[in-house]
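Under this note's numbering, residue 410 is the last one in the sequence shown; the count climbs by one each step, no gaps.
C-beta: ideal position from N, C-alpha, C; glycine also.
All values reported here derive from a predicted model rather than from experimental measurement.
Some notes on the structure that comes next.
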Amino acid sequence: MRPLSRKVADIAPSATIEISDRAGQMRAAGIDVIGLSIGEPDFPTPAHITRACIDALERGETHYAPSPGIPALREAIARKLETENNVPCTPGQVIVACGAKDSIYEAMEAVLNPGDEVVIIDPSWVSYEPCVQLAGGTPVHCGVRETDFQVDDSFLEAITPKTKMIICNSPSNPSGAVMNDASLRLIADAAVDNDCYVLSDEIYEKLIYTKTHVSIGSYDGMADRTITVNGFSKAYAMTGWRIGYAAAPEPVAKQMIKVQQHTISHPATFAMHGAVAALTGDQQCVCDMRCEFDTRRQYLIGALHEMGYETAPAEGAFYAYVKTGGDDMAVSARWLAEANVAVTPGTAFGTPGWVRLSYAASLGRLKEAMQRIAALSD
(Lines of atoms letter the chains of each structure in order from A and count residues from 1; the text may use other names and numbers.)
(Lines give C-alpha, C1' and ligand atoms only; values in the text may rest on other atoms or scores of the structure.)
Protein backbone atom coordinates (compact mmCIF):
# COMPACT_ATOMS: atom_id res chain seq x y z
CA MET A 1 0.00 0.00 0.00
CA ARG A 2 1.12 3.56 -0.63
CA PRO A 3 2.27 5.52 2.45
CA LEU A 4 -0.22 7.51 4.50
CA SER A 5 -0.09 11.20 5.37
CA ARG A 6 3.28 12.20 6.84
CA LYS A 7 1.66 15.29 8.34
CA VAL A 8 -0.73 13.24 10.44
CA ALA A 9 1.83 10.54 11.21
CA ASP A 10 4.13 13.14 12.79
CA ILE A 11 1.45 14.32 15.23
CA ALA A 12 1.30 12.78 18.70
CA PRO A 13 -1.99 11.35 19.98
CA SER A 14 -3.85 13.28 22.70
CA ALA A 15 -2.22 12.38 26.03
CA THR A 16 -5.33 13.21 28.04
CA ILE A 17 -7.53 10.93 25.93
CA GLU A 18 -4.95 8.14 25.96
CA ILE A 19 -4.71 8.21 29.76
CA SER A 20 -8.48 8.36 30.11
CA ASP A 21 -8.79 5.36 27.79
CA ARG A 22 -6.20 3.46 29.85
CA ALA A 23 -8.10 4.23 33.04
CA GLY A 24 -11.28 3.02 31.37
CA GLN A 25 -9.60 -0.28 30.46
CA MET A 26 -8.50 -0.74 34.06
CA ARG A 27 -12.03 -0.08 35.30
CA ALA A 28 -13.36 -2.63 32.82
CA ALA A 29 -10.96 -5.11 34.41
CA GLY A 30 -12.51 -4.42 37.82
CA ILE A 31 -9.93 -1.95 39.16
CA ASP A 32 -11.23 1.05 41.11
CA VAL A 33 -9.47 3.87 39.26
CA ILE A 34 -10.00 7.49 40.31
CA GLY A 35 -9.87 9.53 37.12
CA LEU A 36 -8.32 12.96 37.56
CA SER A 37 -6.89 13.17 34.06
CA ILE A 38 -9.74 14.43 31.88
CA GLY A 39 -11.23 17.93 31.75
CA GLU A 40 -14.91 17.12 32.07
CA PRO A 41 -17.34 18.48 34.70
CA ASP A 42 -18.97 15.70 36.69
CA PHE A 43 -22.31 17.53 36.72
CA PRO A 44 -25.33 16.79 34.53
CA THR A 45 -26.25 19.32 31.86
CA PRO A 46 -28.74 21.73 33.52
CA ALA A 47 -32.33 20.63 33.03
CA HIS A 48 -33.56 23.76 31.24
CA ILE A 49 -30.86 23.29 28.57
CA THR A 50 -31.74 19.64 28.04
CA ARG A 51 -35.42 20.55 27.91
CA ALA A 52 -34.80 23.12 25.18
CA CYS A 53 -33.00 20.49 23.12
CA ILE A 54 -35.83 17.98 23.59
CA ASP A 55 -38.38 20.64 22.63
CA ALA A 56 -36.36 21.34 19.47
CA LEU A 57 -36.36 17.66 18.59
CA GLU A 58 -40.09 17.43 19.14
CA ARG A 59 -40.60 20.50 16.90
CA GLY A 60 -38.71 18.71 14.16
CA GLU A 61 -35.47 20.73 14.34
CA THR A 62 -33.60 17.78 12.85
CA HIS A 63 -32.65 19.07 9.41
CA TYR A 64 -29.86 21.17 7.94
CA ALA A 65 -29.18 24.58 9.46
CA PRO A 66 -27.08 27.50 8.19
CA SER A 67 -23.45 26.46 8.21
CA PRO A 68 -22.25 29.12 10.71
CA GLY A 69 -25.07 28.23 13.13
CA ILE A 70 -28.73 29.07 13.68
CA PRO A 71 -29.41 32.85 13.77
CA ALA A 72 -30.78 32.81 17.34
CA LEU A 73 -27.54 31.31 18.67
CA ARG A 74 -25.23 33.58 16.68
CA GLU A 75 -27.21 36.58 17.92
CA ALA A 76 -27.06 35.37 21.53
CA ILE A 77 -23.30 34.81 21.30
CA ALA A 78 -22.67 38.24 19.77
CA ARG A 79 -24.80 39.86 22.48
CA LYS A 80 -22.97 37.92 25.19
CA LEU A 81 -19.55 38.97 23.90
CA GLU A 82 -20.53 42.63 23.69
CA THR A 83 -22.24 42.84 27.09
CA GLU A 84 -20.10 40.48 29.18
CA ASN A 85 -16.71 40.67 27.51
CA ASN A 86 -16.71 44.17 26.00
CA VAL A 87 -15.68 42.59 22.70
CA PRO A 88 -17.27 44.29 19.66
CA CYS A 89 -19.12 41.62 17.74
CA THR A 90 -21.90 41.18 15.20
CA PRO A 91 -23.73 37.90 14.51
CA GLY A 92 -21.97 37.78 11.13
CA GLN A 93 -18.63 37.42 12.93
CA VAL A 94 -19.76 34.33 14.88
CA ILE A 95 -19.19 30.73 13.78
CA VAL A 96 -20.79 27.95 15.83
CA ALA A 97 -18.71 24.79 15.59
CA CYS A 98 -18.49 21.28 17.05
CA GLY A 99 -16.81 22.37 20.26
CA ALA A 100 -14.14 24.94 21.04
CA LYS A 101 -11.52 22.51 19.69
CA ASP A 102 -13.18 22.55 16.28
CA SER A 103 -13.29 26.36 16.41
CA ILE A 104 -9.55 26.46 17.12
CA TYR A 105 -8.75 24.11 14.25
CA GLU A 106 -10.92 26.08 11.82
CA ALA A 107 -9.24 29.32 12.88
CA MET A 108 -5.82 27.82 12.21
CA GLU A 109 -6.89 26.62 8.77
CA ALA A 110 -8.39 30.02 7.98
CA VAL A 111 -5.33 32.06 8.97
CA LEU A 112 -2.15 30.02 8.49
CA ASN A 113 -0.01 29.36 5.47
CA PRO A 114 2.95 26.95 5.35
CA GLY A 115 5.86 28.46 7.24
CA ASP A 116 3.73 30.82 9.36
CA GLU A 117 4.72 30.68 13.02
CA VAL A 118 2.33 30.44 15.96
CA VAL A 119 3.55 31.34 19.44
CA ILE A 120 2.30 28.91 22.09
CA ILE A 121 2.75 29.87 25.74
CA ASP A 122 3.67 26.85 27.88
CA PRO A 123 2.28 25.11 29.79
CA SER A 124 -0.27 24.78 27.03
CA TRP A 125 -3.24 22.63 26.13
CA VAL A 126 -2.22 19.47 24.31
CA SER A 127 -4.10 20.16 21.04
CA TYR A 128 -2.77 23.62 20.17
CA GLU A 129 0.42 22.34 18.57
CA PRO A 130 -1.27 19.57 16.52
CA CYS A 131 -3.87 22.06 15.26
CA VAL A 132 -1.06 24.39 14.14
CA GLN A 133 0.74 21.52 12.43
CA LEU A 134 -2.37 20.20 10.69
CA ALA A 135 -2.95 23.69 9.28
CA GLY A 136 0.63 23.81 7.94
CA GLY A 137 1.97 26.26 10.51
CA THR A 138 5.07 26.07 12.69
CA PRO A 139 4.62 26.05 16.49
CA VAL A 140 7.04 28.20 18.52
CA HIS A 141 7.03 27.65 22.28
CA CYS A 142 7.81 30.06 25.08
CA GLY A 143 7.30 29.79 28.82
CA VAL A 144 5.77 31.70 31.70
CA ARG A 145 7.44 32.76 34.94
CA GLU A 146 7.24 29.80 37.27
CA THR A 147 6.67 32.12 40.23
CA ASP A 148 3.27 33.38 39.05
CA PHE A 149 2.65 31.77 35.63
CA GLN A 150 2.52 35.16 33.89
CA VAL A 151 4.44 36.20 30.77
CA ASP A 152 7.23 38.74 30.86
CA ASP A 153 9.50 40.42 28.33
CA SER A 154 11.16 37.09 27.52
CA PHE A 155 7.94 36.27 25.66
CA LEU A 156 8.95 38.83 23.02
CA GLU A 157 11.96 36.69 22.08
CA ALA A 158 9.55 34.18 20.53
CA ILE A 159 8.19 36.77 18.08
CA THR A 160 9.80 36.80 14.63
CA PRO A 161 8.88 38.26 11.24
CA LYS A 162 7.19 34.91 10.52
CA THR A 163 4.86 35.13 13.52
CA LYS A 164 1.26 35.04 12.29
CA MET A 165 -0.60 34.17 15.49
CA ILE A 166 -0.23 34.14 19.28
CA ILE A 167 -2.34 31.79 21.38
CA CYS A 168 -3.65 33.25 24.62
CA ASN A 169 -5.40 30.84 27.02
CA SER A 170 -6.84 32.33 30.19
CA PRO A 171 -7.79 30.72 32.51
CA SER A 172 -5.13 28.23 31.53
CA ASN A 173 -5.46 24.58 30.86
CA PRO A 174 -3.43 23.02 32.48
CA SER A 175 -2.20 25.48 35.11
CA GLY A 176 -5.42 27.21 36.12
CA ALA A 177 -3.56 30.56 36.06
CA VAL A 178 -5.47 33.67 34.96
CA MET A 179 -3.50 36.21 32.93
CA ASN A 180 -3.24 39.61 34.59
CA ASP A 181 -3.45 42.98 32.88
CA ALA A 182 0.31 43.23 32.41
CA SER A 183 0.46 39.87 30.61
CA LEU A 184 -2.54 40.62 28.41
CA ARG A 185 -1.19 44.05 27.48
CA LEU A 186 2.21 42.59 26.63
CA ILE A 187 0.58 40.08 24.28
CA ALA A 188 -1.74 42.71 22.79
CA ASP A 189 1.10 45.16 22.18
CA ALA A 190 3.18 42.42 20.55
CA ALA A 191 0.26 41.53 18.27
CA VAL A 192 -0.26 45.15 17.21
CA ASP A 193 3.45 45.90 16.79
CA ASN A 194 4.04 42.76 14.72
CA ASP A 195 0.73 42.73 12.83
CA CYS A 196 -0.35 39.26 13.90
CA TYR A 197 -3.52 37.62 15.18
CA VAL A 198 -4.31 36.48 18.70
CA LEU A 199 -6.38 33.36 19.24
CA SER A 200 -7.90 33.82 22.69
CA ASP A 201 -9.15 30.54 24.17
CA GLU A 202 -11.61 31.54 26.91
CA ILE A 203 -13.41 28.24 27.44
CA TYR A 204 -12.91 28.41 31.24
CA GLU A 205 -13.90 32.06 31.68
CA LYS A 206 -16.92 31.24 33.90
CA LEU A 207 -14.77 29.18 36.28
CA ILE A 208 -12.58 31.79 37.98
CA TYR A 209 -12.23 31.97 41.77
CA THR A 210 -9.78 34.70 42.79
CA LYS A 211 -9.69 37.12 39.84
CA THR A 212 -11.90 38.66 37.17
CA HIS A 213 -11.87 37.51 33.56
CA VAL A 214 -10.79 40.02 30.92
CA SER A 215 -10.98 39.29 27.19
CA ILE A 216 -7.94 40.42 25.24
CA GLY A 217 -10.27 41.31 22.35
CA SER A 218 -11.57 44.20 24.48
CA TYR A 219 -8.18 45.96 24.47
CA ASP A 220 -7.56 48.93 22.19
CA GLY A 221 -6.55 47.85 18.71
CA MET A 222 -7.39 44.18 19.30
CA ALA A 223 -10.94 43.85 17.94
CA ASP A 224 -9.69 43.47 14.35
CA ARG A 225 -7.00 40.92 15.16
CA THR A 226 -8.49 38.72 17.91
CA ILE A 227 -10.26 35.40 17.37
CA THR A 228 -12.18 34.75 20.57
CA VAL A 229 -12.95 31.07 21.16
CA ASN A 230 -15.39 29.76 23.74
CA GLY A 231 -18.00 27.07 24.19
CA PHE A 232 -20.48 25.32 26.42
CA SER A 233 -18.61 22.21 27.54
CA LYS A 234 -17.10 23.51 30.77
CA ALA A 235 -19.44 26.20 32.10
CA TYR A 236 -22.65 24.30 31.31
CA ALA A 237 -21.41 20.67 31.59
CA MET A 238 -22.16 20.07 27.90
CA THR A 239 -19.00 18.20 26.84
CA GLY A 240 -20.87 15.57 24.85
CA TRP A 241 -23.01 18.12 23.02
CA ARG A 242 -20.01 19.32 21.01
CA ILE A 243 -21.02 22.96 20.76
CA GLY A 244 -18.43 25.73 20.73
CA TYR A 245 -17.95 29.00 18.90
CA ALA A 246 -15.54 31.59 17.65
CA ALA A 247 -15.96 35.30 17.03
CA ALA A 248 -13.47 36.62 14.51
CA PRO A 249 -12.76 39.65 12.34
CA GLU A 250 -15.02 39.39 9.28
CA PRO A 251 -12.28 38.34 6.80
CA VAL A 252 -11.24 35.51 9.15
CA ALA A 253 -14.86 34.56 9.86
CA LYS A 254 -15.55 34.19 6.14
CA GLN A 255 -12.55 31.90 5.78
CA MET A 256 -13.62 29.83 8.78
CA ILE A 257 -17.12 29.44 7.38
CA LYS A 258 -15.66 28.03 4.17
CA VAL A 259 -13.68 25.49 6.20
CA GLN A 260 -16.85 24.55 8.07
CA GLN A 261 -18.93 24.26 4.91
CA HIS A 262 -16.53 21.70 3.50
CA THR A 263 -15.97 19.70 6.69
CA ILE A 264 -18.67 19.43 9.38
CA SER A 265 -21.34 21.52 7.54
CA HIS A 266 -22.67 22.66 10.94
CA PRO A 267 -23.18 21.34 14.50
CA ALA A 268 -26.29 19.30 15.31
CA THR A 269 -29.31 21.54 14.75
CA PHE A 270 -31.25 20.55 17.86
CA ALA A 271 -28.15 20.88 20.08
CA MET A 272 -27.78 24.52 19.02
CA HIS A 273 -31.24 25.24 20.42
CA GLY A 274 -30.03 23.90 23.76
CA ALA A 275 -27.05 26.25 23.53
CA VAL A 276 -29.42 29.21 23.07
CA ALA A 277 -31.12 28.21 26.31
CA ALA A 278 -27.73 27.99 28.03
CA LEU A 279 -26.84 31.58 27.14
CA THR A 280 -30.25 33.17 27.60
CA GLY A 281 -31.56 31.17 30.56
CA ASP A 282 -30.96 31.33 34.31
CA GLN A 283 -27.22 31.38 35.10
CA GLN A 284 -27.58 30.10 38.66
CA CYS A 285 -26.48 26.66 37.44
CA VAL A 286 -23.11 28.14 36.47
CA CYS A 287 -22.75 29.87 39.85
CA ASP A 288 -23.59 26.67 41.72
CA MET A 289 -21.06 24.65 39.72
CA ARG A 290 -18.34 27.26 40.22
CA CYS A 291 -19.03 27.29 43.99
CA GLU A 292 -18.67 23.51 44.20
CA PHE A 293 -15.49 23.57 42.14
CA ASP A 294 -14.09 26.22 44.46
CA THR A 295 -14.74 24.01 47.49
CA ARG A 296 -12.88 21.17 45.81
CA ARG A 297 -10.09 23.51 44.68
CA GLN A 298 -9.45 24.75 48.19
CA TYR A 299 -9.36 21.22 49.58
CA LEU A 300 -7.11 19.80 46.85
CA ILE A 301 -4.57 22.63 46.81
CA GLY A 302 -4.41 22.58 50.61
CA ALA A 303 -3.93 18.81 50.69
CA LEU A 304 -1.18 18.94 48.07
CA HIS A 305 0.64 21.69 49.96
CA GLU A 306 0.41 19.65 53.18
CA MET A 307 2.04 16.77 51.30
CA GLY A 308 4.90 19.11 50.36
CA TYR A 309 4.03 19.72 46.72
CA GLU A 310 4.29 23.09 44.98
CA THR A 311 1.38 24.07 42.73
CA ALA A 312 0.69 26.67 40.07
CA PRO A 313 -1.77 29.43 41.00
CA ALA A 314 -5.14 27.65 40.87
CA GLU A 315 -7.12 30.77 40.00
CA GLY A 316 -9.46 29.32 37.39
CA ALA A 317 -10.58 26.23 35.45
CA PHE A 318 -10.67 23.01 37.51
CA TYR A 319 -7.06 21.86 37.57
CA ALA A 320 -4.27 21.61 40.09
CA TYR A 321 -0.91 21.79 38.36
CA VAL A 322 1.58 20.07 40.63
CA LYS A 323 5.36 20.27 40.56
CA THR A 324 6.74 16.77 41.03
CA GLY A 325 10.24 17.31 39.67
CA GLY A 326 12.14 14.64 37.82
CA ASP A 327 10.37 12.30 35.41
CA ASP A 328 6.72 13.31 35.36
CA MET A 329 5.92 10.46 32.97
CA ALA A 330 7.21 7.97 35.55
CA VAL A 331 5.32 9.73 38.35
CA SER A 332 2.00 9.63 36.52
CA ALA A 333 2.60 6.00 35.50
CA ARG A 334 3.33 5.02 39.11
CA TRP A 335 0.28 6.87 40.46
CA LEU A 336 -1.90 5.00 37.96
CA ALA A 337 -0.30 1.58 38.44
CA GLU A 338 0.20 1.64 42.22
CA ALA A 339 -2.40 4.11 43.52
CA ASN A 340 -4.94 3.66 40.73
CA VAL A 341 -5.17 7.45 40.31
CA ALA A 342 -5.09 8.74 36.73
CA VAL A 343 -3.42 12.13 36.16
CA THR A 344 -1.81 13.77 33.12
CA PRO A 345 1.98 14.31 32.94
CA GLY A 346 3.19 17.84 32.37
CA THR A 347 5.29 16.71 29.42
CA ALA A 348 2.02 16.61 27.47
CA PHE A 349 1.64 20.34 28.15
CA GLY A 350 5.22 21.29 27.32
CA THR A 351 6.44 21.43 30.94
CA PRO A 352 8.19 18.28 32.17
CA GLY A 353 8.37 17.86 35.93
CA TRP A 354 4.70 18.67 36.53
CA VAL A 355 1.44 16.71 36.56
CA ARG A 356 -2.13 17.93 36.13
CA LEU A 357 -4.93 16.81 38.43
CA SER A 358 -8.52 17.63 37.54
CA TYR A 359 -10.84 18.36 40.44
CA ALA A 360 -13.88 17.74 38.27
CA ALA A 361 -14.56 14.79 40.55
CA SER A 362 -16.50 14.56 43.80
CA LEU A 363 -14.89 15.81 47.01
CA GLY A 364 -15.04 12.30 48.40
CA ARG A 365 -13.11 10.87 45.47
CA LEU A 366 -10.57 13.67 45.67
CA LYS A 367 -9.95 12.89 49.33
CA GLU A 368 -9.55 9.19 48.53
CA ALA A 369 -7.13 10.03 45.72
CA MET A 370 -4.98 12.14 48.04
CA GLN A 371 -4.90 9.32 50.60
CA ARG A 372 -3.74 6.87 47.93
CA ILE A 373 -1.02 9.21 46.63
CA ALA A 374 0.14 10.04 50.17
CA ALA A 375 0.46 6.31 50.90
CA LEU A 376 2.94 5.99 48.03
CA SER A 377 5.26 8.45 49.77
CA ASP A 378 5.24 6.60 53.08
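Across which residues does DSSP place H173 in a beta bridge pair? Looking up residue 173 in the sequence shown gives position 141. Answer is I152.
Counted within 10 angstroms of its Cβ, other Cβ atoms place S297 as buried (16 or more) or exposed: Position 265 of the sequence shown holds residue 297. With fewer than 16 Cβ atoms within 10 Å of its Cβ, S297 is classed as exposed.
Does the region 242-262 come within contact of the region 132-145, defined as at least 3 CB pairs closer than 8 Å? Short answer: they touch.
Over what stretch of residues does the alpha helix (DSSP H) that includes I296 continue unbroken? Reading the sequence shown from its first residue, position 264 is the one you call residue 296. Segment: none, I296 is in no alpha helix (DSSP H) and carries neither H nor E.
Between E347 and G92, what straight-line distance do the alpha-carbon atoms span, to the nearest angstrom? Taking the sequence shown and counting its residues from 1, the one referred to as residue 347 is at position 315. Taking the sequence shown and counting its residues from 1, the one referred to as residue 92 is at position 60. So the two alpha carbons sit approximately 43 Å from each other.
If you drop the 5 nearest sequence neighbours on each side, which residues of the same chain put their C-beta closer than 6 Å to that of I351? Counted from its first residue, the sequence shown places residue 351 at position 319. The sequence given here places Tyr at residue 351; Ile does not occur at that position. The answer, listed in chain order, is P206, G208, R388 and S390.
Rounded straight-line distance, which links the Cα of D154 to that of E282: As a working mapping, residue 282 is identified with position 250 in the sequence shown. As a working mapping, residue 154 is identified with position 122 in the sequence shown. Computed Cα separation, rounded: 29 Å.
Closest to P146 by CA distance: which of K39, V128 and V224 is it? Within the sequence shown, numbered from 1, the residue matching residue 146 stands at position 114. For the residues K39, V128 and V224, the minimum Cα distance to P146 belongs to K39.
With a threshold of 8 Å on Cβ separation, who are the neighbours of Q165 within its own chain once the five nearest residues in sequence on each side are excluded? Here residue 165 corresponds to residue number 133 of the sequence shown, with the count starting at 1. K39, D42, I43 and P171, listed in sequence order.
Exposure of A61, with buried meaning 16 or more beta-carbon neighbours within 10 Å: As a position in the sequence shown, residue 61 is number 29, starting the count at 1. Exposed, by the Cβ-count rule.
Out of Y137, I275, S202 and S364, point me to the one whose CA is closest to S52's CA. Taking the first residue of the sequence shown as 1, we reach residue 52 at position 20. The shortest Cα separation from S52 among Y137, I275, S202 and S364 belongs to S364.
State buried or exposed for C319, treating a residue as buried only when at least 16 other CB atoms are found within 10 Å of its CB. For the purposes of this step, residue 319 is identified with residue 287 of the sequence shown, where counting begins at 1. It counts as exposed.
Per DSSP, which one or two residues make a beta bridge with C26? Since the first and last residues shown for the chain are 33 and 410, residue 26 lies out of range.
Using the three-state DSSP reduction, which class does I49 fall into: helix, strand or coil? Locating residue 49 in the sequence shown gives position 17, counting from the first residue. Here I49 sits in helix by DSSP.
Own chain, CB closer than 7 Å to N226, minus 5 neighbours either side, in chain order: For the purposes of this step, residue 226 is taken as the residue at position 194 of the sequence shown. Around N226: I191 and T195.
Under three-state DSSP, which class holds I86? Position 54 of the sequence shown holds residue 86. Helix, per DSSP.
Between A307 and the rest of its own chain, which residues show a CB-CB distance below 6 Å, the 5 nearest in sequence each way excluded? On the sequence shown, position 275 is the one that residue 307 refers to. Only L105, F264 and I275 meet the Cβ criterion.
Determine, using beta-carbon pairs with one atom in the region 365-375 and one in the region 54-73, whether at least three such pairs fall under 8 Å. Two segments are said to touch when three or more pairs of C-beta atoms, one from each, lie closer than 8 Å; by this definition the region 365-375 touches the region 54-73.
Given 8 Å as the limit, is there contact between the region 392-407 and the region 330-341, that is, 3 or more CB pairs closer than that? In this structure the region 392-407 touches the region 330-341; the number of beta carbon pairs closer than 8 Å is three or more.
8 Å contact criterion, which Y277 and I152 should meet: CB distance rounded: By 1-based counting over the sequence shown, the position of residue 277 is 245. By 1-based counting over the sequence shown, the position of residue 152 is 120. That pair is no contact at about 22 Å.
Between the region 227-236 and the region 84-101, are three or more C-beta pairs nearer than 8 Å? The region 227-236 vs the region 84-101: no contact.
Check: C323 C-beta below 7 Å from any heavy atom of the ligand SAM: With respect to small molecules bound, the structure shown includes none, and the ligand SAM cannot be examined in it.
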